[in-house]
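Visitor: Residue numbers (this note's numbering): 22 to 217.
Just so it is clear, CB atoms sit at the ideal spot from N, CA and C, and this is done for glycine as well.
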Amino acid sequence: MYQADIDNNTNYKTKESFTQEFTRSCLGRILIFGVIVLVGMLIAYFTAPTEDDMNEEMSDNLMQCLEVNDGVKGDVVDDVVHNLTFIFTTADTTVIPEDVLQTYHKYNRLVSYRHTFYSTSYIHNNMHPEGTRVGVGIFGLIIPTAYFGDILLEVGPIHKGYEQKLNQQVIGQPEELDLGKTPEITEFHYKRNPED
Numbered sequence: 022m023y024q025a026d027i028d029n030n031t032n033y034k035t036k037e038s039f040t041q042e043f044t045r046s047c048l049g050r051i052l053i054f055g056v057i058v059l060v061g062m063l064i065a066y067f068t069a070p071t072e073d074d075m076n077e078e079m080s081d082n083l084m085q086c087l088e089v090n091d092g093v094k095g096d097v098v099d100d101v102v103h104n105l106t107f108i109f110t111t112a113d114t115t116v117i118p119e120d121v122l123q124t125y126h127k128y129n130r131l132v133s134y135r136h137t138f139y140s141t142s143y144i145h146n147n148m149h150p151e152g153t154r155v156g157v158g159i160f161g162l163i164i165p166t167a168y169f170g171d172i173l174l175e176v177g178p179i180h181k182g183y184e185q186k187l188n189q190q191v192i193g194q195p196e197e198l199d200l201g202k203t204p205e206i207t208e209f210h211y212k213r214n215p216e217d
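1) Within 10 Å of its beta-carbon, does P204 have 16 or more other beta-carbons around it, so buried, or fewer, so exposed?
2) Thinking C-beta only, is M62 closer than 8 Å to G156?
3) Do A69 and S140 have their C-beta atoms within less than 8 Å of each other?
4) Closer than 8 Å is the cut-off here; do at least three beta carbon pairs connect the stretch 95–105 with the stretch 113–121?
5) Can you tell me whether Q41 is buried or exposed? The criterion is at least 16 other CB atoms within 10 Å of its CB, across all chains shown.
6) For my contact list, Y125 and I51 are in at a C-beta cut-off of 8 Å; report their separation, rounded to the angstrom.
7) What do you get for C47, buried or exposed, if any count of 16 or more other CB atoms within 10 angstroms of its CB means buried?
8) Could you tell me the alpha carbon to alpha carbon distance between M75 and F109, rounded to whole angstroms?
9) Skipping 5 residues on each side, what residues in its chain have a beta carbon closer than 6 Å to that of L174?
10) Do V89 and Y128 count as a contact pair if the criterion is CB distance below 8 Å?
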């Protein structure tokens with residue numbers, strides 16, 4: 022690459038079209054990214070599930086959670102795996118015992134909220150009076166995030182009574198245990214006896 026090899030043309034313009042230059046510039050990439058995000062937000066806004074859709078689908082998902090956990094109580098990992106399958110299946114409420122269904126409807130309340138770009142469902146009960154999220158709906162898809170432990174199915178007393186003392190007094194005297202003789206330890210025991 023000598024000076025003679027370079028064309029004497031001092032114009033450094035390329036022969037690219039305007040669209041190629043625009044897509045390779047920083048401003049062009051930012052604008053393209055902004056348009057893609059805007060289109061995604063518009064699609065999310067118009068496809069977010071309504072409150073009625075969320076209530077219907079999440080009630081079905083919670084019934085499936087009760088149905089699956091009826092025999093063997095699983096852990097959180099099992100609930101996560103089951104939640105993925107609940108998206109595509111429906112519950113068979115005839116399998117769930119009637120007393121469990123009545124207890125569920127008595128102590129739990131499902132509430133759904135529609136936000137700008139998505140919807141959420143919360144279950145309220147005595148364990149979670151402020152509510153805990155059990156489902157999210159976005160792009161027309163309702164994804165359950167329910168855990169079996171969030172559903173209140175048993176209610177009982179927390180303590181025996183208000184008159185009960187927290188610390189019970191010991192009935193009877195403990196036996197005196199013989200712990201042996203206390204060794205004679207002088208102040209200088211670690212430096213040896215100064216009298217030696």
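Guide: According to the structure shown:
1) exposed
2) no
3) yes
4) no
5) exposed
6) Contact flag wrong, Cβ pair sits at about 50 Å.
7) exposed
8) 15 Å
9) T124
10) no
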